[in-house]
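First comes the structure, then the notes that go with it.
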Amino acid sequence: LDQALTADTSILVVELGANDGLRGIPIPIIEENLSQIIARARDRGITVLLCGMETPPLNGWDYTLDFHRLFPRLAIRHDVALVPFLLEGVALNPELNGADGIHPNAAGARRIAETVWTYLAPLVALIGSGSQLPDGRWRHGARLEPEGANSRDCDQRHLPAEFGRASGFARDRSAESAARKAKPDARR
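For the sequence shown, our numbering gives the first residue as 892, with consecutive numbering after it.
Here you go:
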(Lines of atoms letter the chains of each structure in order from A and count residues from 1; the text may use other names and numbers.)
(Lines give C-alpha, C1' and ligand atoms only; values in the text may rest on other atoms or scores of the structure.)
Protein backbone atom coordinates (compact mmCIF):
# COMPACT_ATOMS: atom_id res chain seq x y z
CA LEU A 1 0.00 0.00 0.00
CA ASP A 2 2.74 2.47 0.94
CA GLN A 3 4.36 2.12 -2.50
CA ALA A 4 1.02 2.79 -4.21
CA LEU A 5 0.32 5.91 -2.14
CA THR A 6 2.71 8.23 -3.91
CA ALA A 7 3.14 11.86 -2.89
CA ASP A 8 0.73 13.03 -5.60
CA THR A 9 -2.12 10.72 -4.51
CA SER A 10 -5.18 12.79 -3.58
CA ILE A 11 -7.92 10.17 -3.43
CA LEU A 12 -7.87 6.46 -2.65
CA VAL A 13 -10.86 4.37 -3.65
CA VAL A 14 -11.00 1.35 -1.34
CA GLU A 15 -12.92 -1.62 -2.68
CA LEU A 16 -12.00 -4.75 -0.77
CA GLY A 17 -13.74 -7.39 1.26
CA ALA A 18 -16.01 -9.26 -1.17
CA ASN A 19 -13.87 -12.39 -1.32
CA ASP A 20 -13.26 -12.22 2.44
CA GLY A 21 -17.03 -12.23 2.92
CA LEU A 22 -17.49 -15.19 0.59
CA ARG A 23 -14.77 -17.12 2.45
CA GLY A 24 -16.29 -16.29 5.84
CA ILE A 25 -13.24 -14.43 7.18
CA PRO A 26 -14.21 -13.15 10.66
CA ILE A 27 -15.69 -9.65 10.48
CA PRO A 28 -13.23 -8.20 13.06
CA ILE A 29 -10.29 -9.25 10.84
CA ILE A 30 -11.84 -7.68 7.72
CA GLU A 31 -12.68 -4.57 9.72
CA GLU A 32 -9.15 -4.23 11.09
CA ASN A 33 -7.58 -4.70 7.65
CA LEU A 34 -9.84 -2.10 6.02
CA SER A 35 -9.41 0.23 8.98
CA GLN A 36 -5.63 0.09 8.64
CA ILE A 37 -5.81 0.86 4.93
CA ILE A 38 -8.06 3.85 5.55
CA ALA A 39 -5.96 5.13 8.46
CA ARG A 40 -2.70 4.83 6.53
CA ALA A 41 -4.16 6.83 3.66
CA ARG A 42 -5.68 9.45 5.96
CA ASP A 43 -2.36 9.81 7.82
CA ARG A 44 -0.88 10.95 4.49
CA GLY A 45 -3.69 13.46 3.93
CA ILE A 46 -5.33 11.30 1.27
CA THR A 47 -9.10 11.42 0.90
CA VAL A 48 -10.70 7.97 1.00
CA LEU A 49 -13.80 6.77 -0.80
CA LEU A 50 -14.88 3.44 0.71
CA CYS A 51 -16.95 1.13 -1.47
CA GLY A 52 -19.44 -1.04 0.36
CA MET A 53 -20.02 -4.64 -0.53
CA GLU A 54 -22.52 -7.33 0.37
CA THR A 55 -22.17 -11.07 0.81
CA PRO A 56 -24.74 -13.84 0.39
CA PRO A 57 -25.73 -15.91 3.42
CA LEU A 58 -23.20 -18.68 2.70
CA ASN A 59 -21.89 -18.26 6.25
CA GLY A 60 -25.26 -17.68 7.92
CA TRP A 61 -27.59 -14.71 8.17
CA ASP A 62 -25.86 -13.23 11.21
CA TYR A 63 -22.58 -13.11 9.31
CA THR A 64 -24.29 -11.54 6.27
CA LEU A 65 -25.91 -8.85 8.45
CA ASP A 66 -22.65 -8.14 10.28
CA PHE A 67 -20.86 -7.87 6.93
CA HIS A 68 -23.56 -5.48 5.67
CA ARG A 69 -23.06 -3.21 8.70
CA LEU A 70 -19.26 -3.23 8.40
CA PHE A 71 -18.84 -0.62 5.66
CA PRO A 72 -21.13 2.08 7.06
CA ARG A 73 -19.51 1.58 10.46
CA LEU A 74 -16.03 2.09 8.98
CA ALA A 75 -17.18 5.14 7.02
CA ILE A 76 -18.56 6.72 10.18
CA ARG A 77 -15.55 5.81 12.33
CA HIS A 78 -13.05 7.22 9.83
CA ASP A 79 -15.28 10.04 8.53
CA VAL A 80 -14.94 8.98 4.89
CA ALA A 81 -17.39 8.92 2.01
CA LEU A 82 -19.11 5.62 1.28
CA VAL A 83 -20.49 4.09 -1.88
CA PRO A 84 -23.24 2.08 -0.13
CA PHE A 85 -23.04 -0.92 -2.50
CA LEU A 86 -20.47 -1.08 -5.28
CA LEU A 87 -22.50 -3.57 -7.31
CA GLU A 88 -25.80 -1.65 -7.07
CA GLY A 89 -27.91 -2.67 -10.07
CA VAL A 90 -25.23 -5.11 -11.25
CA ALA A 91 -25.36 -7.95 -8.72
CA LEU A 92 -27.68 -10.74 -9.83
CA ASN A 93 -28.47 -8.96 -13.12
CA PRO A 94 -27.71 -11.48 -15.89
CA GLU A 95 -27.45 -8.71 -18.52
CA LEU A 96 -24.62 -7.06 -16.57
CA ASN A 97 -22.65 -10.17 -15.58
CA GLY A 98 -20.59 -12.75 -17.40
CA ALA A 99 -21.42 -16.40 -17.89
CA ASP A 100 -20.53 -17.19 -14.26
CA GLY A 101 -23.28 -14.85 -13.07
CA ILE A 102 -20.88 -13.28 -10.57
CA HIS A 103 -18.31 -11.16 -12.36
CA PRO A 104 -19.47 -8.07 -14.28
CA ASN A 105 -19.21 -7.93 -18.05
CA ALA A 106 -18.30 -4.71 -19.91
CA ALA A 107 -21.79 -3.22 -19.44
CA GLY A 108 -21.65 -4.14 -15.75
CA ALA A 109 -18.25 -2.50 -15.40
CA ARG A 110 -19.66 0.69 -16.94
CA ARG A 111 -22.54 0.61 -14.45
CA ILE A 112 -20.08 0.17 -11.55
CA ALA A 113 -18.02 3.10 -12.86
CA GLU A 114 -21.18 5.25 -12.97
CA THR A 115 -22.04 4.24 -9.40
CA VAL A 116 -18.57 5.09 -8.10
CA TRP A 117 -18.39 8.34 -10.08
CA THR A 118 -21.56 9.57 -8.36
CA TYR A 119 -19.56 9.66 -5.10
CA LEU A 120 -16.09 10.31 -6.53
CA ALA A 121 -16.92 13.36 -8.67
CA PRO A 122 -17.77 15.61 -5.70
CA LEU A 123 -14.54 14.58 -3.96
CA VAL A 124 -12.53 15.45 -7.05
CA ALA A 125 -14.31 18.81 -7.29
CA LEU A 126 -13.65 19.61 -3.65
CA ILE A 127 -9.98 18.80 -3.88
CA GLY A 128 -9.78 21.14 -6.87
CA SER A 129 -11.62 23.86 -4.95
CA GLY A 130 -9.16 23.84 -2.05
CA SER A 131 -11.83 22.88 0.49
CA GLN A 132 -9.83 19.88 1.64
CA LEU A 133 -7.73 20.20 4.78
CA PRO A 134 -4.25 18.60 4.94
CA ASP A 135 -5.56 15.55 6.82
CA GLY A 136 -8.07 14.70 4.07
CA ARG A 137 -11.06 16.20 5.90
CA TRP A 138 -13.21 19.01 4.52
CA ARG A 139 -13.43 22.66 5.50
CA HIS A 140 -16.72 23.72 7.06
CA GLY A 141 -19.02 25.14 4.41
CA ALA A 142 -17.66 23.00 1.59
CA ARG A 143 -20.45 21.54 -0.49
CA LEU A 144 -20.19 17.83 -1.26
CA GLU A 145 -23.23 16.36 -2.90
CA PRO A 146 -23.44 13.68 -5.58
CA GLU A 147 -24.25 15.14 -8.99
CA GLY A 148 -27.99 15.39 -9.56
CA ALA A 149 -28.77 14.67 -5.91
CA ASN A 150 -30.07 16.90 -3.20
CA SER A 151 -30.14 16.52 0.55
CA ARG A 152 -33.52 14.77 0.47
CA ASP A 153 -32.14 12.06 -1.87
CA CYS A 154 -29.05 11.15 0.14
CA ASP A 155 -28.62 9.05 3.24
CA GLN A 156 -26.33 10.79 5.73
CA ARG A 157 -25.05 7.46 7.07
CA HIS A 158 -23.09 6.99 3.84
CA LEU A 159 -21.37 10.37 3.85
CA PRO A 160 -18.64 11.97 5.90
CA ALA A 161 -19.68 14.30 8.72
CA GLU A 162 -18.51 17.34 6.80
CA PHE A 163 -20.90 16.37 3.98
CA GLY A 164 -23.78 16.41 6.41
CA ARG A 165 -22.94 19.79 7.84
CA ALA A 166 -22.15 21.32 4.46
CA SER A 167 -25.25 20.05 2.69
CA GLY A 168 -27.80 20.63 5.41
CA PHE A 169 -28.22 16.96 6.40
CA ALA A 170 -27.44 17.66 10.04
CA ARG A 171 -30.61 19.62 10.64
CA ASP A 172 -32.33 19.17 13.95
CA ARG A 173 -34.95 16.56 13.05
CA SER A 174 -36.94 17.24 16.23
CA ALA A 175 -37.34 20.89 15.17
CA GLU A 176 -38.53 19.75 11.74
CA SER A 177 -41.01 17.37 13.35
CA ALA A 178 -42.37 20.12 15.60
CA ALA A 179 -42.72 22.44 12.60
CA ARG A 180 -44.69 19.79 10.68
CA LYS A 181 -47.02 19.28 13.62
CA ALA A 182 -47.59 23.02 13.96
CA LYS A 183 -48.36 23.34 10.24
CA PRO A 184 -50.51 20.39 9.05
CA ASP A 185 -49.72 19.02 5.60
CA ALA A 186 -52.29 20.31 3.12
CA ARG A 187 -52.14 16.99 1.22
CA ARG A 188 -53.81 15.07 4.06
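For each residue, glycine too, the CB sits at the ideal point set by N, CA and C.
Pick from the options that is closest to residue i, judged by C-alpha positions
i	options	result
glycine 999	Leu913, Val981, Arg914	Val981
valine 1015	Ala898, Leu896, Val904	Val904
histidine 959	Pro995, Arg935, Ala1004, Gly912	Gly912
aspartate 970	Ile921, Ala932, Trp952, Ala898	Ala932
glycine 908	Ile902, Leu977, Thr1006	Leu977
isoleucine 1003	Val939, Ser926, Arg914, Met944	Met944
proline 948	Pro995, Trp1008, Ala997, Arg914	Arg914
tryptophan 1008	Asn996, Glu979, Ile916	Glu979
Alpha-carbon to alpha-carbon, residue j and residue i
i	j	result
isoleucine 929	isoleucine 967	12 Å
cysteine 942	tyrosine 954	19 Å
aspartate 893	proline 1013	25 Å
proline 975	aspartate 991	24 Å
leucine 973	tyrosine 1010	8 Å
tryptophan 952	serine 1020	44 Å
threonine 1006	asparagine 910	20 Å
isoleucine 937	aspartate 899	9 Å
glycine 989	isoleucine 920	30 Å
alanine 1033	proline 963	Because alanine 1033 carries a pLDDT of 41, less than 50, the predicted location of this residue cannot be relied on, and the following value inherits that uncertainty. Straight-line Cα distance between these residues: approximately 22 Å.
valine 939	asparagine 924	15 Å
Span of the alpha helix (DSSP H) around residue i
i	result
isoleucine 929	918 to 934
isoleucine 1018	997 to 1020
alanine 1084	Here the chain comprises residues numbered 892 to 1079, so residue 1084 is not present and cannot be evaluated.
alanine 972	Taken as a continuous stretch (DSSP letters only), alanine 972 belongs to no alpha helix (DSSP H), being part of the beta strand (DSSP E) at 972 to 974.
aspartate 911	909 to 914
Beta-carbon proximity of residue i to residue j, cut-off 8 Å
i	j	result
leucine 1080	isoleucine 918	No statement about residue 1080 is possible, as the shown extent of the chain runs from 892 to 1079 and does not include it.
glutamate 922	leucine 965	yes
isoleucine 993	isoleucine 902	no
arginine 935	leucine 896	yes
Extent of the continuous beta strand (DSSP E) run through residue i
i	result
leucine 940	938 to 942
leucine 903	902 to 905
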